[in-house]
């Protein structure tokens, strides 16, 4: 089955700096890569996603990149703010069925004011 | 914004007892899921449900687990005889399509004593 590795496990940045979280996946059939943000005591919230026919996607301060050949994908947050502090999970899935999403191990991001 | 609603938010149960975790998915969604998250660990897939039947389940989802959509709005997870290791946060999720990101509920924290 799919295996998703995520790094780093914790990340501290100064407010205004950028944060980058990296993931790798094992199943070459995976074609949909969502990213989730989980705040304390809440469920994961979808913040951005990318499909395998696209190399990069941006939404305001958040961007994701995908390298299918290397099976790498990354989340980039620019101009970080204290409210960006949360646990971020990458995930991978193959559609064409009833998508079973495999999550990474999570990155705890702390933005220091 | 539409939400996935889970009840109760916290459930404490004796080992060996049955528990039912309840979820109300977003009304026009067709795909339903249960995931769990042991404290500090990643989110793990349990089961997906579509067209009134299980479409995929993980090795965690053994004979002690069952799911049901008893009416047009509720989606339940039953654990027949709880074990200590079932203690976790259980998240319900739904999606409109099988190739689209989930909306998660806020979770039910299950504590087995």
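Residue numbers (the numbering used here), protein chains in the order written: chain A, 976 to 1088; chain B, 96 to 208.
Backbone N, C-alpha and C fix where the C-beta goes; we use that ideal spot for every residue, glycine too.
Values in this document were obtained by computation on a predicted structure and should not be read as measured data.
Check your understanding: Using a C-beta to C-beta distance shorter than 9 angstroms, which residues of chain A count as neighbours of residue 140/B?
Key -> Locating residue 140/B in the second chain gives position 45, counting from the first residue. Ordered by position in chain A, the residues that pass the 9 angstroms Cβ test against residue 140/B are 1075, 1076, 1077, 1078.
Review point. Listing by chain order, which chain A residues have their CB less than 9 angstroms from the CB of residue 163/B?
Key: By 1-based counting over the second chain, the position of residue 163/B is 68. Listed along chain A, no residue sits closer than 9 angstroms to residue 163/B by beta-carbon distance, the nearest being about 17 angstroms off.
Point to revise | Neighbour list for residue 201/B in chain A, Cβ cutoff strictly below 8 angstroms | key: Numbered from its first residue, the second chain carries residue 201/B at position 106. Neighbours of residue 201/B on chain A, chain order: 1016, 1017, 1018.
Check your understanding: Taking 8 angstroms as the CB-CB limit, is residue 197/B close to chain A?
Key -> As a working note, residue 197/B is residue 102 in the second chain. Judged by the 8 angstroms Cβ criterion, residue 197/B is in contact with chain A.
Point to revise | For residue 180/B, three-class secondary structure by DSSP | key: Locating residue 180/B in the second chain gives position 85, where the first residue counts as 1. Residue state, collapsed to three classes: helix.
Review point. When the cut-off is 8 angstroms and only beta carbons count, does residue 137/B lie next to chain A?
Key: Translated into positions along the second chain, residue 137/B becomes position 42. Closer than 8 angstroms to some Cβ of chain A, the Cβ of residue 137/B qualifies, so yes.
Review point. Once you ignore the five residues that flank residue 173/B on each side, which residues in its own chain have a CB closer than 6 angstroms to its CB?
Key: In the second chain, the residue the question calls residue 173/B occupies position 78. Non-local beta-carbon contacts of residue 173/B in its own chain, meaning distances under 6 angstroms to residues more than five positions away in sequence, involve 115, 161 in chain order.
Exercise for review: Apply the 10 Å Cβ neighbour rule to residue 1045/A and answer buried if 16 or more other Cβ atoms are within range, or exposed otherwise.
Suggested key: The residue you call residue 1045/A lines up with position 70 of the first chain. Result: exposed.
Review point. Whose C-beta lies closer than 6 angstroms to the C-beta of residue 1072/A among residues of the same chain, with five residues either side of it excluded?
Key: Within the first chain, the letter at position 97 stands for residue 1072/A. Residue placement at residue 1072/A cannot be trusted, given a pLDDT of 44 that sits under 50; the coordinates are not used to answer.
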